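The numbering used here puts the first residue of the sequence shown at 106, with every later residue one more than the last. Even for Gly, the Cβ is constructed at its ideal location relative to N, Cα and C. Values in this document were obtained by computation on a predicted structure and should not be read as measured data. Everything below concerns the one structure shown next.
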Amino acid sequence: MPPETLSQFWLENVRRYRGSAKIAVRQKNLGIWQAYSWEQEYAQVSAFSQGLLELGLQAGDRVAIIGDNDCEYLWGALAIMAAGAAVVGIFTDVTPREVEYIVTHADATFVLAGDQEQCDKLLEIKPNLPLVKRVIYWDDRGLWSYHDPWLMPFQAVRELGQQAAAQEPARFDALVARGKKDDAAMFCYTSGTTGLPKGAMLSHGNFTYAVAAFGEIDPRRDSDNYVSFIPMAWIGGAALDIAPHTVDGVILNFAEGPATVQQNIREISPDSLLYNSRLWENLVATIRARMLDSSTINRLLYRLFLPVGYKVADFQFRKQPAPLLWRLLYQLGNLIVFHPLRSQFGLHKARAAYTAGAALSPDVMRFFQALGLSIQQIYGSTEITGGAVTHRHGDIKFESLGAPLTGSAMRISTAGEILLAGPGLFLGYHKDPQATAAVIEVDDRGVRWFHTGDAGHIDEDGHLIYLDRMKDMIELSSGDRYSPQYIEGRLKFSPYISHALTLGGPQQRFVAALITIDFDNVGRWAEKRGLAFTTYTDLAQKPEVYELIRQDVAEVNHTLPTPARVHKFVLLHKEFDADEGEMTRTRKLRRAFLAERYADIIAAIYAGLPAANVSATVTYRDGRESVIATTLRIETP
């Protein structure tokens, strides 16, 4: 019988590599990489799985894991699934009360804990966890003085399993053989932004489909390396760490710790990687800083060939062949600049580079494309096994999230909501059939569609354009709806725009925007053109700056549906300030506060006036402050 569960695929790989030196995983501890073969991994997993059975684990049970990415996390998860139970991942930074909620809601019978910190959380809430038979830990530092029999070391469970295996050697493989693809493999708890976290039940078939679908886009080899540092409790970690390892034999490399991730990536040079947008942005800043600190000749070569990289990247994004001269120049640049630069950061072997979560800035995507690394967006959710839509190489569009995976489908409802379907669709929410029914729609052909709660549309190339959460869409007086965050995000892709606040609601006919300029970038732009200015206010109201921003707003408008286009905009006389309550400390705009503070400007916009008068406190470059009155122009893109 062909394998159909993660455990069966994994056991097939064990048999394939048994007796060979093929590496399954590596773990870095105290600066040294420790490698484990597939045979060694089998010994760990089979013994630990049978140890859990001896302690009372049964098929269909749930076992929670809370700890950093380690070999023991992986082996524990594989052992749990092999026994017919499901893994419940918990993030390490949650509070004891959050741990209590997830463990009790999942009816977990065991908990695997990474270290003393996690054991302390569990001991604090022990009276509230009557179903939990044992807490099993793998890092015993600081736990030598703990004598509670509820706690048990990983090694002791493994030894218990070894004794059982000696009596019944075929027991483990027989357990694995009984698994079915529709069995629950993992429970992934959602973030709970709309209430208490919900336990999304994901089957073995969900994960094996995801591995095959992404493997069709970016084929994997059993010699591929992947650095595991994204929490396995998150669907992205489970789908890109555990699943490809079990199905395709990908070598997992566990970073020594959060502080050494970049160093460990340089050492391993992975064949694929997944970063969120913030990590990619930080990497751009690091690369640029490294080049500024390099030798004169290296800085010269970087500045000489980066424009060549951008030129070739732009041809690639437009799906046009680069002329011979540009191709030759790029090959030279790749030889002496781009490839060495990618090597310094462990990116030179990467055939697949993904980003998920918040959309990545086109500037960042273009930068890495220029260096020879294509970044692909992934769109999905926990309920669809992480991703159902992604970019393909040679078909990357800045404004889109790509097209559906083979076997998956997407459509837009009459209300403008993104609906997804396919073999990655989850089994449902644990203990919550009402919540499951609220997000699953079955059409007349019996196809199950997942309501993402996201607004979007599909462009002429079949790419998905994400707009916003449905609940955050705003309706104009015409009945048309638009996404403020999508428009603001597109505007902020401009290096000259720091923030943008979109305006427009049930009482307004059109969308407008209050924009703050990026003082540093616009200031450099002005200095290069000999445009004199004294303050932020002075610079923002220059006609030349208005024209610069007008071009950016017009460019964004071309990508928007007609009702969502920005019809009027104002360059504010000051930047939004968290100290004044205009933003949160995480730089999110306080929309209601801003609407009240700038009510006069907003009224002038919708009254059709050409300008609005304001007074402002201005801080000069020498630190002096004064209150001045200024007139803000109201412009049309």
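- At least 8 Å separates the beta-carbon of residue 154 from that of residue 129.
- Burial check for residue 673: the Cβ neighbour count within 10 Å reaches 16 or more, so the residue is buried.
- Runs of the alpha helix (DSSP H) lying entirely within the stretch 582-623 and spanning at least 4 residues, in chain order: 589-597.
- By the C-beta density criterion, residue 732 is exposed, having fewer than 16 other C-beta atoms within 10 angstroms.
- Separation of the CB atoms of residue 371 and residue 349 is rounded to 21 Å, and the pair is thereby denied contact status at 8 Å.
- Straight across, the Cα-Cα distance linking residue 636 with residue 595 is about 27 Å.
- With a threshold of 16 other beta carbon atoms within 10 Å, residue 529 meets it and is buried.
- Using a Cβ distance threshold of 8 Å, residue 284 and residue 220 do not count as a contacting pair.
- Residue 573 is bridged by DSSP to 560.
- Within the same chain, Cβ atoms closer than 6 Å to the Cβ of residue 459 are found at 379, 481, 483, the five residues on either side in sequence being excluded.
- Taking C-beta atoms as the reference points, residue 505 and residue 568 count as a pair closer than 8 Å.
- CA-to-CA, the gap between residue 357 and residue 448 works out to about 20 Å.
- Note: residue 522 is bridge-paired with 560 in the DSSP secondary-structure output.
- Ranking 616, 686, 242, 687 by CA distance to the CA of residue 711 puts 616 first.
- By the Cβ test, the stretch 508-523 is in contact with the stretch 552-571, since at least three Cβ pairs between them sit closer than 8 Å.
- Here the C-alpha atom of residue 392 lies approximately 22 Å from the C-alpha atom of residue 603.
- Secondary structure note for residue 546: its beta strand (DSSP E) is the uninterrupted segment 545-547.
- According to DSSP, residue pairing for residue 257 in a beta bridge involves 241.
- Between residue 211 and residue 193, the C-beta gap is smaller than 8 Å, which places the two residues in contact.
- The residue from 274, 119, 281, 403 with its alpha-carbon nearest to that of residue 441 is 403.
- With a cutoff of 8 Å on beta-carbon distance, residue 619 and residue 654 are scored as not near each other.
- Rounded to whole angstroms, the gap between the alpha carbons of residue 365 and residue 198 is 19 Å.
- Taken through DSSP and simplified to helix, strand or coil, residue 503 comes out as coil.
- Relative to residue 236, the option among 207, 249, 263, 189 whose CA is nearest is 207.
- With a 10 Å radius around the Cβ and a threshold of 16 neighbouring Cβ atoms, residue 287 comes out exposed.
- Counted as a single uninterrupted DSSP element, the alpha helix (DSSP H) harbouring residue 410 occupies residues 401-422.
- Nearest neighbour of residue 319 by Cα position, chosen from 609, 240, 162, 509, turns out to be 509.
- Three or more Cβ pairs closer than 8 Å define a contact, and the stretch 546-559 meets that threshold against the stretch 572-591.
- When only Cα atoms are considered, residue 657 and residue 445 end up about 34 Å apart.
- Only residues of its own chain outside the window of five on either side were considered, and among them 493, 494, 509, 523, 524, 525, 526, 563, 569 have a CB closer than 8 Å to the CB of residue 515, listed in chain order.
- Classified as exposed, residue 552 has fewer than 16 neighbouring CB atoms from the shown chains inside 10 Å of its CB.
- Listed as beta-bridge partners of residue 142 by DSSP are 128.
- CA-to-CA, the gap between residue 161 and residue 381 works out to about 39 Å.
- The three-state reading of DSSP puts residue 671 in strand, counting E and B together.
- As computed with DSSP, residue 205 is found in no beta bridge at all.
- Comparing C-alpha distances from residue 645 to each of 579, 697, 589, 735 shows the shortest one belongs to 735.
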